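Undergrad:
There are 2 protein chains.
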Amino acid sequence: MLTITDVSRRSGVASSALRFYEERGLIASERAGSGHRRYPRSVLRRIAFVVFAQRIGLTLEEIGAELAKLPADRVPSRRDWSRLSGQWTKRIDQRIAELQRLRSGLTECIGCGCLSIDRCSLANPADMAGRKGPGPRYWLG
Amino acid sequence: MLTITDVSRRSGVASSALRFYEERGLIASERAGSGHRRYPRSVLRRIAFVVFAQRIGLTLEEIGAELAKLPADRVPSRRDWSRLSGQWTKRIDQRIAELQRLRSGLTECIGCGCLSIDRCSLANPADMAGRKGPGPRYWLG
DNA sequence: GCTTGACTTCAAGTTAACTTGAACTTGTAG
DNA sequence: CTACAAGTTCAAGTTAACTTGAAGTCAAGC
């Protein structure tokens, strides 16, 4: 069993973040008699999954939903993990496609002078117009 | 000259956001005798640039720095705009490359079982380890 | 026995990019 | 002339993902 500092060092995730993840139900810990956290080795893979998923662009809430699909009664197998990440390929491809669209817009659109908002579909794509509710635009990408 | 509501409707950007952009120095306005904002048509292109740049992943601060490179004494030409966006292609390509790296990691890495943080370069890439200072990891991607 | 370091909880602070609300003024249609 | 929509400023709230600080407990070495 590992202490929180052990896990932090091995995962590169700060211990404050580990406590935060626990609060959010992403990881779990047992407690030593003293009340200190003790982690099984398997938590490292779970944390790796979280970090990986974040890089891809999932929110912690989404990640939590994914992790909830894992079997609770045993340490997840290789197969369990790969089932989870099956959906990600699609998501990555979508994002790549958007970036490529933006990329071609750079030459075609800004270059040609059509970047005038109402005529240019790149400047005001559907997912932009379709946003609703408050909150920073940043989170809606 | 356009009112703030005109500009908001034509750009799809809320008027509160337009005032915010002005406060940040991204756009400017003249004032009618009443104190109400009046915008020249050219502001629409400037706003389009901001929106576009955000989709690509630049922060408002970075965008402001780019916009500062435009000539202040005249309405920017097509050429002026395309000079600015010249750097973006590189940035987009880098992001696409990272996503593709992550994508192949999905099958190669999670699938094979090496997603164990210390052995897996995907779970702990260089740019991740190299982060320093406080603040949420989200902003450092 | 005592200090030092690791751990705990809980509340509050940080960041970017806005939005919302309050309190007030201006413009326009009837 | 009177509504009422649209504009203004300024302060404070919102979101996600954490970090930081306070105040206290636990463990190991000298």
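From first to last, the protein sequence lines stand for chains E and S. 196 is the number of the first residue of the first sequence in the working numbering; add one for each residue after it. 196 is the number of the first residue of the second sequence in the working numbering; add one for each residue after it. Note that CB positions come from ideal geometry on N, CA and C, so glycine has one too. From a predicted model like this one, the values you see are computed outputs, not experimental measurements.
(1) Quick one: what's glutamate 261 of chain E bridged to in DSSP?
(2) Is arginine 232 of chain S helix, strand or coil when you go by DSSP?
(3) What residues in its chain sit with their C-beta under 8 Å from that of isoleucine 287 of chain E, if we drop five residues either side in the sequence?
(4) Could you confirm whether any beta carbon from chain E is found closer than 8 Å to the beta carbon of leucine 297 of chain S?
(5) Between glycine 220 of chain S and serine 272 of chain S, what straight-line distance do the alpha-carbon atoms span, to the nearest angstrom?
(6) Pull the bridge partners of glutamate 293 of chain E from the DSSP assignment, please.
(7) Identify whether leucine 221 of chain S lies in helix, strand or coil by the three-state DSSP scheme.
(8) Among E:Ile291, E:Ser203, E:Ala292, which residue has its Cα nearest to the Cα of tyrosine 234 of chain E?
(9) Starting from arginine 290 of chain E, find everything on chain S with Cβ-Cβ shorter than 7 Å and list it in chain order.
(10) According to DSSP, which residues form a beta bridge with leucine 197 of chain E?
(11) By a C-beta neighbour count over all protein chains shown, 10 Å radius and 16 as the cutoff for buried, is arginine 236 of chain S buried or exposed?
(12) Closer than 7 Å by C-beta to glycine 259 of chain S: which residues in its own chain qualify, once you throw out the five before and the five after it? Chain order, please.
(13) Under the DSSP definition of a beta bridge, which residues are partnered with arginine 226 of chain S?
(14) Go ahead and pull the three-state DSSP assignment for alanine 243 of chain S.
(15) Evaluate the contact criterion for the segment 290–297 of chain E versus the segment 289–296 of chain S: three or more CB pairs, one atom per stretch, below 8 Å.
(16) So is alanine 248 of chain E buried or exposed if we call it buried at 16+ other beta carbons inside 10 Å?
(17) Output, in chain order, the set of chain E residues within a Cβ distance shorter than 9 Å of isoleucine 287 of chain S.
(18) Between which two residues does the alpha helix (DSSP H) carrying leucine 272 of chain E extend?
(19) Roughly how many angstroms lie between the CA atoms of alanine 223 of chain S and phenylalanine 244 of chain S, to the nearest whole one?
(20) Using beta carbons (cut-off 8 Å, strictly below), is threonine 200 of chain E in contact with chain S?
(21) Any idea if serine 280 of chain S is buried or exposed, counting beta-carbon neighbours within 10 angstroms, 16 or more meaning buried?
(22) Report the neighbours of isoleucine 251 of chain E on chain S: residues whose CB is nearer than 8 Å to its CB, in chain order.
(23) Rounded to whole angstroms, what's the CA-CA distance from cysteine 307 of chain S to arginine 241 of chain E? Just pull it up for me.
TA: With the given structure in hand:
(1) Locating residue 261 of chain E in the first sequence gives position 66, counting from the first residue. In DSSP, glutamate 261 of chain E forms no bridge with anything.
(2) Position 37 of the second sequence, counted from the start, is the residue given in the question as residue 232 of chain S. Arginine 232 of chain S: strand per DSSP, three-state reduction.
(3) As a first step, residue 287 of chain E must be located in the first sequence, where it is residue number 92. If we look at isoleucine 287 of chain E and ignore the five residues flanking it on each side, its Cβ neighbours are Ile251.
(4) Within the second sequence, the letter at position 102 stands for residue 297 of chain S. Yes, its Cβ sits closer than 8 Å to a Cβ of chain E.
(5) Translated into the one-based positions of the second sequence, residue 220 of chain S becomes position 25. Translated into the one-based positions of the second sequence, residue 272 of chain S becomes position 77. Each residue's Cα considered, the two are about 20 Å apart.
(6) Indexing the first sequence from 1 puts residue 293 of chain E at position 98. DSSP output for glutamate 293 of chain E lists no bridge partner at all.
(7) Here residue 221 of chain S refers to the residue found at position 26 of the second sequence. If DSSP states are grouped into helix, strand and coil, leucine 221 of chain S belongs with coil.
(8) Start at 1 with the first residue of the first sequence, and residue 234 of chain E comes out as number 39. The candidate whose alpha carbon is nearest that of tyrosine 234 of chain E is E:Ser203.
(9) Taking the first residue of the first sequence as 1, we reach residue 290 of chain E at position 95. By Cβ distance, chain S contributes Leu294.
(10) Along the first sequence, one-based indexing puts residue 197 of chain E at 2. E:Tyr234, per the DSSP bridge assignment.
(11) Numbered from its first residue, the second sequence carries residue 236 of chain S at position 41. Per the 10 Å Cβ criterion, exposed.
(12) Position 64 of the second sequence, counted from the start, is the residue given in the question as residue 259 of chain S. Hits under 7 Å: Arg219, Gly220, Leu221.
(13) To locate residue 226 of chain S, count along the second sequence from 1; it is residue 31. S:Arg232, per the DSSP bridge assignment.
(14) For this step, residue 243 of chain S is matched to residue 48 along the second sequence. Note: alanine 243 of chain S maps to helix in three-state DSSP.
(15) yes
(16) Taking the first residue of the first sequence as position 1, residue 248 of chain E is located at position 53. The residue is buried, with at least 16 neighbouring Cβ atoms inside 10 Å.
(17) Translated into positions along the second sequence, residue 287 of chain S becomes position 92. Those are Leu294, Gln295, Leu297, Arg298, Leu301, listed as they occur along chain E.
(18) Here residue 272 of chain E refers to the residue found at position 77 when the first sequence is read from its first residue. The sequence shown places serine at residue 272 of chain E, not leucine. Element bounds for serine 272 of chain E: n/a, residue is neither H nor E.
(19) Position 28 of the second sequence, counted from the first residue, corresponds to residue 223 of chain S. Position 49 of the second sequence, counted from the first residue, corresponds to residue 244 of chain S. Alanine 223 of chain S and phenylalanine 244 of chain S: Cα-Cα distance of roughly 14 Å.
(20) Residue mapping note: residue 200 of chain E aligns to position 5 of the first sequence, counting from 1. Output row for threonine 200 of chain E: interface = no.
(21) Numbered from 1 along the second sequence, position 85 holds the residue referred to as residue 280 of chain S. Looking at its Cβ environment, which holds 16 or more other Cβ atoms inside 10 Å, serine 280 of chain S is buried.
(22) Position 56 of the first sequence holds residue 251 of chain E. Within chain S, the residues near isoleucine 251 of chain E are Leu294, Leu297.
(23) Numbered from 1 along the second sequence, position 112 holds the residue referred to as residue 307 of chain S. Numbered from 1 along the first sequence, position 46 holds the residue referred to as residue 241 of chain E. Reliability fails at cysteine 307 of chain S, whose pLDDT of 48 lies under 50, so the model's placement of it is uncertain and no value is given.
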